[in-house]
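The numbering of the sequence shown is numbering that gives the first Met the number 0, which starts it at 0 and goes up by one.
Backbone N, C-alpha and C define an ideal beta-carbon position, used for all residues, glycine too.
Quick caveat: nothing in here was measured; it's all calculated off a predicted structure.
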Amino acid sequence: MVLAACLALTVAGCARGQPVAEPTSQRVVADFGDGALDGWQSSLSGEYYRGGQGQKGLAIVRDEARGSQVLSAQVRWADPQASEPAFITRFLPQPIPRQLITSVSFSYRLSAYRLDDAGGFKVRLRYSDTEFTDYAVSTGRPLLAGEWQAVSLPTQPSSSVRNIYGQLFASVREITFRLDDVDTENAEFELRLDDLRLTLRSPAAHEYEPRVRPRPANDWLGLLYLRHSAEGFFPMLEALTQTHHLSGAWVWREAPPSSPSVRECLFRGLHFPLFDFPTTREEVLENDLIVMVDVDPYVLTWEQATWIADAVASGVGFLFVAGPNTLYHAQDFKAPIRAVLPASFASDARDAGGGGAEVAQPAHPAVCGLDADRLGTVGSVSTVEPRPGAEVLLRVGDRPLLIAGEVGKGRTALLTTWPQIRESREQCFFTADHSVALLAQVLRWLTRQEGAVRIVSVAAPPREITGAGPVQCQVTVAAETPTEARVQWSLDGEEVWRSERTVIEGSAELSHAFDLTPRVGPLRPRELRASVWGPKLQLLDERTFRTRVLPPVRLAAYTWHGRRSFAPGRTLRCGVEVSAPDPGLQAVARMLEGWKYEEATPVWDLGSQSAASNEVDFEGVLPNLERGCYWLDFALRGTDGEVLATDALPCCVVDNLDRNRFFPIISVLGTSGGGHLLDEHHALQRVRDLDNTGFNTIAYGGLRRFVPKRVTDLSAQIDMQAEVDAHYFYEMASILEYTHYTRLTQEGKGDPSPFSLESPAATRTHVQPYLDVADANPRLVSVKVIDEPSISEGSLAFDEHEKRAYAERYGGELRPLKEIGDDPLARLHLAQFLGDYVAEEYRQGYAIKHEQERSWDLLLTYMSPGLGYGRSFTGLEDVLKWSRYTDRIDFDVYPYFYPTSQKLRMVQANYAHAFQRNVAQHLGKPFGFYMELDDRNYPFQVNPPEASAECAFTAIGQGVNYLNSFINQAFATGCQSRPERWALLGEELPGIRRLGPLLCKLQRPPAPVSLLYPMTQAKIRNGYAVPHYAFALLNSAFGDTDLLHEEVLPEAGLPTSCRALVLLRTELLSRETFEAITAFVQAGGLLVLDGSLPATDEAGTPLVWPFDLASARSARDEGTGIKTRRQAVGQGMVIALEADVEAQVKEVVEGADLASPEIADPG
0 MVLAACLALT VAGCARGQPV AEPTSQRVVA DFGDGALDGW QSSLSGEYYR
50 GGQGQKGLAI VRDEARGSQV LSAQVRWADP QASEPAFITR FLPQPIPRQL
100 ITSVSFSYRL SAYRLDDAGG FKVRLRYSDT EFTDYAVSTG RPLLAGEWQA
150 VSLPTQPSSS VRNIYGQLFA SVREITFRLD DVDTENAEFE LRLDDLRLTL
200 RSPAAHEYEP RVRPRPANDW LGLLYLRHSA EGFFPMLEAL TQTHHLSGAW
250 VWREAPPSSP SVRECLFRGL HFPLFDFPTT REEVLENDLI VMVDVDPYVL
300 TWEQATWIAD AVASGVGFLF VAGPNTLYHA QDFKAPIRAV LPASFASDAR
350 DAGGGGAEVA QPAHPAVCGL DADRLGTVGS VSTVEPRPGA EVLLRVGDRP
400 LLIAGEVGKG RTALLTTWPQ IRESREQCFF TADHSVALLA QVLRWLTRQE
450 GAVRIVSVAA PPREITGAGP VQCQVTVAAE TPTEARVQWS LDGEEVWRSE
500 RTVIEGSAEL SHAFDLTPRV GPLRPRELRA SVWGPKLQLL DERTFRTRVL
550 PPVRLAAYTW HGRRSFAPGR TLRCGVEVSA PDPGLQAVAR MLEGWKYEEA
600 TPVWDLGSQS AASNEVDFEG VLPNLERGCY WLDFALRGTD GEVLATDALP
650 CCVVDNLDRN RFFPIISVLG TSGGGHLLDE HHALQRVRDL DNTGFNTIAY
700 GGLRRFVPKR VTDLSAQIDM QAEVDAHYFY EMASILEYTH YTRLTQEGKG
750 DPSPFSLESP AATRTHVQPY LDVADANPRL VSVKVIDEPS ISEGSLAFDE
800 HEKRAYAERY GGELRPLKEI GDDPLARLHL AQFLGDYVAE EYRQGYAIKH
850 EQERSWDLLL TYMSPGLGYG RSFTGLEDVL KWSRYTDRID FDVYPYFYPT
900 SQKLRMVQAN YAHAFQRNVA QHLGKPFGFY MELDDRNYPF QVNPPEASAE
950 CAFTAIGQGV NYLNSFINQA FATGCQSRPE RWALLGEELP GIRRLGPLLC
1000 KLQRPPAPVS LLYPMTQAKI RNGYAVPHYA FALLNSAFGD TDLLHEEVLP
1050 EAGLPTSCRA LVLLRTELLS RETFEAITAF VQAGGLLVLD GSLPATDEAG
1100 TPLVWPFDLA SARSARDEGT GIKTRRQAVG QGMVIALEAD VEAQVKEVVE
1150 GADLASPEIA DPG
């Protein structure tokens, strides 16, 4: 029955990419012909761990069978009770990039086989002190002894790889032979090694000569736009708007239409290609312009890179924008792209500091007519060297900023900086007054569309004036040939003067005086613009100047913690900064309703306050206003009531979150990544995409960014505006993710100790600002206590506070594990106390939150160690104890990019679901699951497009109360789904969202069969061999099975629905559990176990069962061949299977693939 049911289990495969044949070469690491041991070390020498040349037991000897000299390593173990692997290591003279290594091969001979069958012999490629990858030589079967064996281990990532991009670009510095014996034996033998080699891919070519190719003739201007997916401040759209007259109209497109203008391809991380990149060389050649913004050419194929280079040589303009991911930061800056840059760079170069931009060639058409002061301040710049013949058009000090040149028939330009925007955007390069004009002129020059008339110089007005007054603007317009044109001056988008049509010959100076007054309402700069129009009303050139007109006394409005969405019945806090405090002045505040400030009407008065200090705060409970757009309007009034200054902030009124009908489906907002930041427009696009895909909750972190009363952090402002859009336009909710509500670190360390007298006050001081930030959010689901916490013995200080708390709970003295030894009860108490340590701190923070009656939840996220897979003393997650002091819990187990099994995909996830469900339902807490969104190891691991939807529906079937998801950043290597997977999720997730109110009312019913998790045994023995394959079998055989956490039993008893209780790999039970099981069987329950009955309790006292299975007759099941013993006990029955069920099921499911050839280990 067991084996037949195993074969009936659903088996899932993982698509594997087919390797492409590449030229390779062999590098001999060691052949020992020179008789030298240089570079070799053995861990059997004490010097090995002290950084010395420990070579104890190593020698070069002649081997008669091979007829050559080989390495002889004498290996022995002394402690039969400990795992003590031995390492024979070869240091490489020069590190080798891992991505070039395709295999490691060698020959070996063991004098005797004394190794552990499961992983006793591995080859380790080490990159650093903590990073390495192991490749198994022994894969679960004994190795031959006494004969030479040839081994070749593929080292390219396989479908079972984990986090490949964390190591793919590392360099291998050591090759280690890792040997391990069976822990209960002492082994001694000789290992001989010979002919150690690496097979290497041929490195990419370093030179390429671009070729001129014929280009199609088009009547439109085409742009191939390759950009960093998290870059939101590069003003491409605005620049295209200024140059639209060149081609009629730009069309932003996602797929190639019959007459293209702009094709945008996103660089989303090193794991993805540019999915929308043209599929033929001809499609690239039909463009007139190619722009790359901080793209690592690693994501281009060599062929695609040559298409770009050849297009540039054939006449296509090329603009390359630097950044923290490209040039010398790139993993593979392909030679064809390097060949068309107007500058060169060293591979070890570093970014340099920035400063003010300066125009180096004011007559050049790409930069003429630009005011350096209006170009803004540059952040970091890349260090490059202009090529011969190239021109430096802009610079920062002595460093090139914009370099222009020609390649073949094409023009090329390099910007050595990238958007690095601060709060004062008007003063930053790419967002300053002339940033758009600069980019538009560069695009015109690259496409040889400079225009017959253009602005060649300007006299800019001042950036700032105080009080009303006139300001003078002047532009000089030049024409290469006599051309009819007119100049228009506008203020804040409204025309104020227009010249007559006139024929411009040579150059003409045009000026205008603007009478400027401070704005009423929002304190925004006045925008002055000079536009040059052609005879057909086409825009020829344009310059914008922003001038702040400041009143003598100024206001700067803010809302507490940056909040811009509010709900009726909640406290609204806001205020103004006063530039010149005066007790004789009054600050007043009110709320206006309306989309436009000029048309908004008052609906709520927040009162007035004396302006005697720099900050004047207002507070009130928002009345029952309709959902809509509003303004917080502030004014400073004099003694006679005259308005001296104003400011206003847009905001929204939204509905309070109906928590009883809301089923959260959460995605990280992820507005930044890879050194870039989305602007408000792109962030709104991202919110819209999340909504369309089916998410109804956005998550963002960095809670500390919002603690200040006035939020100045730009990324926080972007997130806050995106949240307003999510709340108002899409009625989404929020969670504060990856926050640190607790004082403890992820490793459970805290100062002062949670048991100290100072701890409650320290905790209150720590959490109070977070409570205030969270409480201001009207649609907040939860705040993360901490992500994936754990504690080990090393987190304890063993101080007086801890010793006192231990004695109060367990009696006796708190002692470290090495002093406790094998005492089971003392080991149990130490493990329990580790859980108590963290729980006490969580309890204090939880109590403060509930004492203040906050309506949102505290959330705690666990990982697999908390769900049965942990070790008590080296990584404890006490889910039952810690979850008492949080409002909801979830966990992340990733069945696709962290696969436990490639064939039984959900084997670990379903076990973890059952574990969490038992705890959550016992405590009455909502529980959730992190569904997997990301193609983390693509293309080395190509998971099916249905994977995300499968994870979501699996979790729903397991009874979760909400769905979370893994980090979904705008840019990050290893994040996001490929397009077809995202699209399929967008077909399925909205259905779950629509069912949300119903799902809120449902609870998964209990199962008739329960598998016991022996927590007492797990804590005493520092872990438990989880039988998740057997659990899958039980689910398949009985339709449903629950997991029963042993520590739940004393509080809740056995579930009334339970008809059968299964014990697997259980040798030890608490006395309470033993008594409960005995009563269960005698009352009519069925007890099923593998092997023998648990023998002892937590104190080491023998368990005396009221029945004797040894006397029961053993019978072999005809279907499975497994022997069983059965015995009636009272009204119940005990069945003992004389087999390790977990091992048998695993062997049937996994078959020949029981051991993976590659085991990634983070060290």
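Scanning its chain for C-beta atoms nearer than 8 Å, with the 5 sequence neighbours on each side dropped, one finds around Arg-853 the residues Leu-770, Ala-773 and Asp-774, in chain order.
When only Cα atoms are considered, Gln-241 and Val-495 end up about 20 Å apart.
For Asp-886 and Ile-966, the gap between their C-alpha atoms comes out near 22 Å.
In the pairwise beta carbon analysis, the segment 435-446 is classified as touching the segment 539-553: at least three pairs are separated by under 8 Å. Membership of Ser-789 in any beta strand (DSSP E) is not indicated, and neither H nor E is assigned to it by DSSP.
Within the same chain, Ile-717 and Gln-720 come within 7 Å of Glu-679 by CB-CB distance, once the 5 residues on both sides are set aside.
From the listed residues His-849, Ser-313 and Asn-162, the smallest Cα separation to Arg-210 is found for Ser-313. Judged by DSSP secondary structure, Asn-917 falls within the alpha helix (DSSP H) whose first and last residues are 906-922. Taking each of Asp-193, Glu-483 and Gly-956 in turn and checking the Cα distance to Gly-533, the smallest one comes out for Glu-483. Taking C-alpha positions only, Ser-1091 is separated from Ile-1019 by approximately 19 Å. Counting C-beta pairs with one atom in each stretch, the segment 409-427 and the segment 331-340 have three or more that are closer than 8 Å, which means they touch.
Setting aside the 5 residues that flank it on each side, Gln-360 is surrounded in the same chain by Val-366, Glu-390 and Leu-392, each with a C-beta closer than 7 Å to its C-beta; the list follows chain order. Note on the segment 1030-1111: whole beta strand (DSSP E) runs with a minimum of 3 residues are 1041-1044, 1059-1062 and 1085-1089, in chain order.
Look at Ser-714 here: in three-state DSSP terms it is helix. Counting only the Cα atoms, Pro-1005 lies some 22 Å from Leu-994.
Closest in alpha carbon position to Phe-705, among Arg-500, Thr-692, Gln-767 and Ala-725, is Gln-767. Across the structure, Arg-977 and Glu-840 are spaced so that their CA atoms are roughly 41 Å apart. Per DSSP, Tyr-769 lies in no beta strand (DSSP E); the unbroken alpha helix (DSSP H) holding it starts and ends at 758-774. The segment 1098-1111 makes no contact with the segment 1049-1056; the number of CB pairs closer than 8 Å stays below 3.
Counting along the chain, no alpha helix (DSSP H) covers Gly-165, and no H or E run does either. For Val-653, no beta strand (DSSP E) run applies, since DSSP gives it neither H nor E. Non-local beta-carbon contacts of Cys-999 in its own chain, meaning distances under 8 Å to residues more than five positions away in sequence, involve Asn-659, Arg-660, Phe-661, Phe-662 and Asn-960 in chain order. Of the residues assessed, Phe-274 falls on the exposed side of the cut-off, its CB having fewer than 16 other CB atoms within 10 angstroms. The beta carbon of Val-1140 sits closer than 8 Å to those of Val-1, Pro-1026, Ala-1029, Leu-1032, Leu-1063 and Asp-1089, all from its chain and outside the five residues before and after it, given in chain order. By alpha-carbon distance to Ala-459, the top candidate from Ser-434, Leu-527 and Leu-400 is Leu-527. Taking a C-beta distance under 8 Å as the contact criterion, Phe-266 and Phe-429 do not qualify as a contact pair. The straight-line gap separating the alpha-carbon atoms of Glu-949 and Tyr-895 is approximately 10 Å. In the three-state reduction of the DSSP assignment, Thr-953 falls in the helix class, which pools H, G and I. For Arg-424, the three-state secondary structure derived from DSSP is helix. A contact between stretches requires three or more CB pairs, one per stretch, nearer than 8 Å, and the segment 443-457 meets this requirement with the segment 314-325. One Cα belongs to Asp-115, the other to Arg-108, and the distance between them is close to 16 Å. In the structure shown, the three-state DSSP call for Ser-863 is helix.
Listed in chain order, the non-local C-beta contacts of Leu-743 below 6 Å within the same chain comprise Gly-749 and Glu-840, local neighbours out to five positions each way being set aside. Here Trp-881 is buried: its Cβ has 16 or more other Cβ atoms, across all protein chains shown, within 10 Å. In the DSSP assignment, Glu-592 falls within the unbroken beta strand (DSSP E) covering 581-592. Taking all protein chains in view, the Cβ of Pro-788 is crowded by 16 or more other Cβ atoms within 10 Å, so the residue is classified as buried.
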